[in-house]
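The sequence shown begins at 2 in this note's numbering and counts up by one. Positions of the beta carbon are idealized from the N, C-alpha and C atoms, including for glycine.
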Amino acid sequence: MSADPDVSVVESLPSTPPWLDHLLQQWEASGAQRGHAFLLVSEDPEEAALFSRRLAVAELCHDRQPDGPCGRCRSCHAFLRGTHGDLMDVQRQEGKTAIGIEQIRQAAQFLQQTALYGEIKVMMIRDADQLTLAAANSLLKTLEEPAGNALLLLSTSAVWRLPATVRSRCQQLRLPSARRSEGIDWLAQQLGTDAEQAGRLLNLTGGRPVSACTMGESQEAEQQLALISSFAELHRQTTGSPGPWSTVGLDVLLKRLLGWTEDSVRGLDNDRFVSEAKSWLLLHRCVAEVWSRVQQGATPGKDIVVAELFRLCRSRSHPRFADLAQVFLSNLGREGAGG
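So this is what it looks like as structure tokens:
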């Protein structure tokens with residue numbers, strides 16, 4: 002193999018945004034003094050996961066450079082192919098609501114095996130806050146005394162959801178937030194777009210640049226922009242819910258509806274606040290109740306929920322809206338909604 006790195010391979014390796022450079026430098030400088038279990042905390046779950054991957058590929062690299070992984074060794078190539086025998090990526094499985102105990106048991110067994118490529122094995126747990134309590138408890142022994150030379154990287158954007166027993170066994174690395182201008186510049190460069198579009202994407206993700214980049218690389222951004230635009234046209238919609246409502250997942254629809262109702266309340270002037278705030282807040286409560294159920298693992302029929310939410314949104318200005326909301330919340334088991 003050539004001694005020169007394959008440029009395409011190097012560019013394909015995980016690359017972190019510039020506001021994380023200082024943290025990477027601190028990591029490199031700590032060297033052998035580092036521990037074996039780290040909790041990477043960011044407001045942006047995609048950023049935390051990206052930083053975890055960046056640390057993992059560097060630790061596994063056989064010819065590590067001052068600025069990161071070499072991109073030419075067998076380990077770097079295996080990492081990119083997703084076939085690295087010394088790396089395990091644990092995350093919530095499709096169709097599941099949490100990371101289960103069996104996944105953690107398998108990960109513990111993985112760490113007990115002899116390293117195939119080098120001297121270290123790496124386990125990443127993405128969105129570690131999604132661990133069930135049983136899975137978190139099962140992880141404790143591994144966090145305390147991992148088998149062999151191992152590095153455990155847990156990433157999360159909701160550290161408060163993790164049991165204190167897990168948090169206390171990890172060294173926490175809190176990732177700094179980017180300034181809005183910094184996030185827009187980086188995002189525009191990554192996606193090859195202009196600052197205006199980058200700003201729109203950043204707004205979609207609540208100011209989280211890496212999540213915005215992930216969204217911008219897929220059709221999700223266009224779908225969500227169309228979804229948000231549909232809210233302003235609800236009063237003109239007469240034949241069922243808007244098309245964009247069916248192109249996104251129920252959790253996305255609920256999240257955007259919550260944001261829309263909150264923005265609508267904030268945008269009321271003094272006169273309109275007196276007459277309209279109550280109905281907007283009641284609509285927000287209805288959406289929030291469904292959102293809460295979905296976050297707790299409920300799987301309601303999307304078509305039914307969409308139809309009911311559309312009916313509520315269309316009826317918000319109706320004199321009997323409070324009665325409609327009362328019925329909706331009562332059906333969810335939330336009495337006394339009318340205030």
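Span of the beta strand (DSSP E), counted from its first residue to its last, around residue 123: 122-126
Going along the chain, which residues of its own chain have a beta-carbon closer than 7 angstroms to the beta-carbon of residue 242, five neighbours each way excluded? 307, 308, 311
Note the first and the last residue of the continuous beta strand (DSSP E) segment covering residue 129. First-last for residue 129: undefined, no H or E at that position.
Let me confirm a value: residue 305 is counted as buried when at least 16 other C-beta atoms fall within 10 Å, else exposed. Which label applies? exposed
As a quick exercise: from 129, 74, 239, 258, pick the residue whose alpha carbon is nearest that of residue 43. 129
Kindly list the residues whose CB is nearer than 7 angstroms to the CB of residue 265, restricted to its own chain and excluding five residues on each side of it in sequence; keep chain order. 281
Can you tell me whether residue 42 is helix, strand or coil according to DSSP? strand
By alpha-carbon positions, which one of 123, 139, 80, 88 ends up nearest to residue 393? Examination of residue 393 is not possible in this model, given that the chain is present from 2 through 340 alone.
Pair within 8 angstroms by beta-carbon distance, residue 251 and residue 314: no
Per-residue DSSP class, three states only, for residue 230: helix
Same chain, Cβ closer than 7 angstroms to residue 255, five either side skipped, listed in chain order: 288, 291, 292, 295
How close, in whole Å, do the beta carbons of residue 100 and residue 136 come, if the pair is a contact with beta carbons under 8 angstroms? 5 angstroms
Just confirm the distance between the C-beta atoms of residue 57 and residue 123, as a whole number of angstroms; I'd bet it's less than 8 angstroms. 5 angstroms
Count the other CB atoms within 10 Å of the CB of residue 336; is the residue buried (16 or more) or exposed (fewer)? For residue 336, the predicted structure reports a pLDDT of 43, less than 50, and the residue's modelled location is therefore unreliable. A value from the coordinates is still provided. Label assigned to residue 336: exposed.
From residue 323 to residue 225, what does the alpha carbon distance come to, in whole angstroms? 29 angstroms
Grouping DSSP H, G and I as helix and E and B as strand, with all else coil, what is residue 186? helix
For residue 193, is the classification buried or exposed, using 16 other Cβ atoms within 10 angstroms of its Cβ as the cut-off for buried? exposed
Residue 295 - containing beta strand (DSSP E), residue span: First-last for residue 295: 271-296, but that is the alpha helix (DSSP H), not the beta strand (DSSP E).
If you measure between the beta carbons of residue 70 and residue 14, is that distance less than 8 angstroms? yes
Using alpha carbons as the reference points, say which of 49, 79, 38 lies closest to residue 112. 38
Between the CA atoms of residue 240 and residue 320 - distance to the nearest angstrom: 22 angstroms
Tell me the DSSP bridge mates of residue 1? Since the first residue shown for the chain is 2 and the last is 340, residue 1 is missing from the structure and cannot be characterised.
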